Amino acid sequence: MSDSARWTINSVREAIGAKKISARELTAEFYKKIEARNPELNAFLALCPERAYAQADRVDALVAAGMPLPPLAGVPVAIKDVLSTRGVTTTCGSKILQNYVPAYDATAVERLEAAGAVLLGKTNCDEFAMGSSNENSAYGPVRNPAATDRVPGGSSGGSAAAVAAGLAVAALGTDTGGSIRQPGALCGIPAMMGSYGRVSRYGLIAFASSLDRIGPFATNVGDVATVLQVIAGRDLRDSTSTTTAVPNYRVEIEKSVKGLRLGIPKDYFGAGMDDGVRQKIEAGIEIYRKLGCELVEVRMPHTDYAIATYYIIATAEASSNLARYDGVRYGLRVDGNSLIGMYRRTRGAGFGPEVKRRIMLGTYVLSAGYYDAYYLKGQKVRALIAQDFREAFSKVDAIVTPTSPVPAFKLGERTADPLQMYLADIYTVTGSLAGVPGISVPCGKVGGKLPVGLQLFGPAFGEARVLQLAHALEQAGGASL
Amino acid sequence: MKISREDVLRVAELAYLELSEAELETYRAQLDSILEYAGKLNELDTTNVEPMAQVLSTDQAADATLREDIVVRSSVAKDVLAHAPDPEPPYFRVPKVIER
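Just so you know, the protein sequences line up as chains A and B, in that order.
The first sequence runs 0 to 480 under numbering that gives the first Met the number 0.
The second sequence runs 0 to 99 under numbering that gives the first Met the number 0.
Following this line, the structure appears as structure tokens:
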């Protein structure tokens, strides 16, 4: 492991505060690493050194003036390319937005910078966050730093790979059906999705608005907690961001987990799980038992219907959200002989295969004659899945599952059959549909090489509990099981 | 085979997507298998289930929905137009909509 791979939020703040390194020097060090490693990994799509150095200089000025340092002072961060960044190209991994430069920042980005973070650049992802392997990016796949012939997971594959390879100390991703947690698991770093309504979605380019969430990747759970702390909370520009109080996560995670009740849903431990993954997750659960947690078997009987429900609801919302790409106000335009002709050609040429497939599917399930059979049915089953979670949380404090049924697979191995790729999200989509918080925390490596993630779900706005349990596993050596 | 070529054409028309012949057949087959899989939801009786159209519970949503109506100055029009495919400030130009 190189030196910069070991940087954490605390070590950066300490080093900068003690004048061992300036924020400008640290920024330069990270750009050097990116220059060396990114041609292979393809984790970054765009860099913004001008903006980064300007911010680093502001941090250095604070140090020089002896002012108190904000929580992320000088911390180099990477941002998934579906989050709007003023003046910095934001493509969503799509050709249709190849030259799109937003006129404003997403709230989460604004809050990171206000807390002193240095924004290095934008990270690769599946086109419009649609995918589980990062192979749906119009700008080529990302490679997994743990095994470069394998996928990093998706859709936030670039953010996960950047942090795992030490090219950023923390990163933001987005999660609609598993797009933060699954790449976190496959790349071997903690990755968190807060409750729906916990983090403002303002400036997040929408995929499925009732499911999309923004959340952090970092090298340790404490840093995940710090970043979530900074970006969480009410924003007047997103009516679904709530006024629910944001606890001090960094304090909460230090609490003992002894006596907490952990639900083990046997519905998640059936066929289809890789044996190596199963073994590591069972070892992770054993750690919790040793730490004094009470293990409780819970039933979540609608789990088996989650993928079908998710792909109906997410694609329906996507077909509506992506109607805005029409060649008029931003992005690509391909001329046609009429206004409609221009729309059709622009969208036909600008969207990649997975995005078109989901727009088609979403349009179909919303169309006259099929709405009740698919979309309305999906919304009803969604209610049943949310009910499974509420019932489980009446008995337990958190739920433990694997994050992904398999470790990182080889590039190209699963691209032929979209349905098989969708099944990669089998353990993550449930919590997405229910709106509850979830985290993936490293839990050993299959064959000593391919990382496994253990997933924890908590009740809505129970982020502190989820982080606390993830931290306990990390401190007990979960990553090296 | 549930999904026909005509179904795919109809959906592409609704979604304003120009598709090639090859794409038409690929999507027909793929939509067919995905929708067949989605059919498993019919195993569940949902007669008395309210559809979940909203994620936040009522008490959370109530505090989040309405804010004070405050005027905030915004001056992004120039930036926005600068990145449009065919700007004619202060307008976006499009192909002719109404034929004589």
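Where a beta carbon is used, it is the ideal one built from N, C-alpha and C, also for glycine.
In this text the structure is predicted, and so the values were computed from the model without any measurement.
For A/R464, there is no enclosing beta strand (DSSP E); the enclosing alpha helix (DSSP H) covers residues 462–474. With contacts defined by Cβ atoms closer than 8 Å, A/D325 and A/T345 form a contacting pair. By the criterion of a C-beta distance shorter than 6 Å, A/I179 is surrounded in its chain by S155, G172, A190, M192, G214, once the five residues flanking it on both sides are discounted.
For A/A55, the CB contacts under 8 Å within the same chain, skipping 5 residues up- and downstream, are S21, A22, R23, L25, T26, G73, V117 in chain order. Distance from the CA atom of B/D78 to the CA atom of B/E87, rounded to whole angstroms, is 13 Å.
In this structure, the CA atom of A/L383 is about 8 Å from the CA atom of B/V48. Interface criterion not met: the Cβ of B/V70 is under 8 Å from no Cβ in chain A.
Under the DSSP definition of a beta bridge, A/L453 partners with A/P401, A/V440.
Taking the C-beta atoms as reference points, A/P436 is found no nearer than 8 Å to A/G411.
Taking a C-beta cut-off of 7 Å against chain A, the contacting residues of the segment 38–53 of chain B are K39, L40, L43, T45, V48, E49, P50, M51, A52, listed in chain order.
If you ignore the 5 residues before and after A/L290, its C-beta comes within less than 7 Å of the C-beta of V256, K257, A471, A475, all in its own chain and listed in chain order. For the set A/I425, A/I398, A/G232, the Cα lying nearest the Cα of A/G269 is the one of A/I425.
Judged by pairs of C-beta atoms under 8 Å, the segment 115–132 of chain A touches the segment 77–93 of chain A, as three or more such pairs exist. Taking CB atoms only, B/E24 has no neighbour in chain A less than 8 Å away.
Taking CB atoms only, A/L383 has a neighbour in chain B less than 8 Å away. When C-alpha distances from A/E251 are compared across A/R5, A/L480, A/A469, the shortest belongs to A/A469. In the three-state DSSP reduction, A/T106 falls in the helix class (H, G or I). At a cut-off of 8 Å between beta carbons, B/L8 makes no contact with chain A. The residues Y363, in chain order, have a CB closer than 7 Å to that of A/Y369 in the same chain once the five nearest residues on each side in sequence are set aside. Any Cβ of chain B closer than 8 Å to the Cβ of A/S132 would place that residue at the interface, and such an atom is absent.
Listed in chain order, the alpha helix (DSSP H) runs fully inside the segment 284–358 of chain A are 305–320, 338–349, counting runs of at least 4 residues.
For A/A478, there is no enclosing beta strand (DSSP E), since its DSSP letter is neither H nor E. Nearest to A/L294 by alpha-carbon distance, out of A/I286, A/A385, A/M359, is A/I286. Not one beta carbon of chain A lies nearer than 8 Å to the beta carbon of B/P88.
Here A/G434 is near A/A459, since their CB atoms are less than 8 Å apart. The contact set of B/S3 on chain A, defined by CB atoms closer than 7 Å, is empty, because the minimum CB distance reaches about 12 Å. Contacts with chain B at 8 Å (Cβ-Cβ) do not include A/R323. The continuous stretches of alpha helix (DSSP H) do not include A/F43, which lies in the beta strand (DSSP E) extending over residues 43–46.
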